[in-house]
């Protein structure tokens, strides 16, 4: 079997010698007949031309593949670079929009601060909140290092947000008036009728606050502004809470109930103002002022009485 396989094959050496011999013959013929032998040239051209055409086609096809591959690679790299540039520009635009939005918020807070010129305030940013979308409780980035104390009032959007319930060195926790445990002593800004404004779980979906303990003969009306009352022991007087949406008669017929739409957008709070004056301090200052005024009036009356007594003695 091995012998048969050996005899059936062609030795490469003999094949090479045969091709070499053919080349030599062709060269000899070319030199012998030169350019006058058209038959040889024509024969050679007929044999070689198709081969050249095929080789050229293969070369062109390979070159095209290489060029297409290079073009696709370059396009992919260019596309990645452009995509990176687009992502960078989108990030910059988003950052600019956030900065503009925050600037608008700060301008509104500045206008709000000007609306309450008698109160000193500290601006704060909300850094976290509870799971609710209504910011029932949230954390701000200001604490005792910034003069924040428990029971300080917090405002935004031209109205009352809530009250500080806990403080840390560099943060504080605020409970908003929408929380169901919140209760604010309030009054109608027009009729001056008193009431209590509460947060309510039942009204959570509507975003409204409930109003209770309205006297049956109160002159409250829909659309009236509700503000914090001077009777409150923690909330400063005159802070806007919201506007009456509707009023209903209670079953006892001795009181009325109502609902209030808050002026603060509790779904989109980001920045707030903390009034750094406590209601207790305000009451104490007013008491001292009243005492001082009373003493001044007493001293003035005493001096007047002494002067009158002296004049009477002289006339005598």
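Numbering (UniProt numbering), first residue to last: 1 to 316.
All C-beta atoms, glycine included, are put in the ideal place defined by N, C-alpha and C.
Quick caveat, the model's predicted, so the values are computed rather than measured.
Check: Is it true that the region 211-229 meets the region 162-182, where meeting means three or more beta-carbon pairs spaced less than 8 Å apart?
Finding: Look at the beta carbons and you see the region 211-229 not touching the region 162-182: under three pairs across the two are nearer than 8 Å.
Notebook entry, point to check: Where does residue 313 fall in DSSP's three states?
Noted result: Because residue 313 carries a pLDDT of 46, less than 50, the predicted location of this residue cannot be relied on, and the following value inherits that uncertainty. Residue state, collapsed to three classes: helix.
Notebook entry, point to check: Applying the criterion that 16 or more other CB atoms from any shown protein chain within 10 Å of the CB defines a buried residue, is residue 145 buried or exposed?
Noted result: Its Cβ having fewer than 16 others within 10 Å, residue 145 is exposed.
Notebook entry, point to check: Where does residue 244 land, buried or exposed, given buried means 16+ other C-beta within 10 angstroms?
Noted result: Looking at its Cβ environment, which holds 16 or more other Cβ atoms inside 10 Å, residue 244 is buried.
Next item on the list: Please classify residue 246: does DSSP put it in a helix, a strand, or coil?
Entry: Strand at residue 246.
Next item on the list: Please look up how many angstroms separate the CB atoms of residue 272 and residue 209, rounded, as I've assumed it's under 8 Å.
Entry: Between residue 272 and residue 209 the beta-carbon gap is near 18 Å, outside 8 Å, which marks them as no contact.
Checklist line | Cβ shell of residue 229 (< 7 Å), same chain only, five flanking positions each side left out | finding: So the qualifying residues of the chain are 185, 186, 187, 194, 237.
Next item on the list: Throw me the rounded Cβ distance for the residue 269 and residue 156 pair, which I believe falls under 8 Å.
Entry: With 8 Å as the limit, residue 269 and residue 156 qualify as a contact, their Cβ atoms being about 6 Å apart.
Notebook entry, point to check: For residue 140, which residues does DSSP report across the bridge?
Noted result: Beta-bridge pairing links residue 140 to 126, 172.
Notebook entry, point to check: Quick one: what does DSSP say residue 236 is sitting in, helix, strand or coil?
Noted result: Reduced to three states, the DSSP call for residue 236 is coil.
Check: Cβ atoms of residue 226 and residue 247: under 7 Å apart, would you say?
Finding: Using a Cβ distance threshold of 7 Å, residue 247 and residue 226 do not count as a contacting pair.
Next item on the list: From the DSSP output, in three-state form, read off residue 188 for me.
Entry: In this structure, residue 188 counts as strand in the three-state DSSP scheme.
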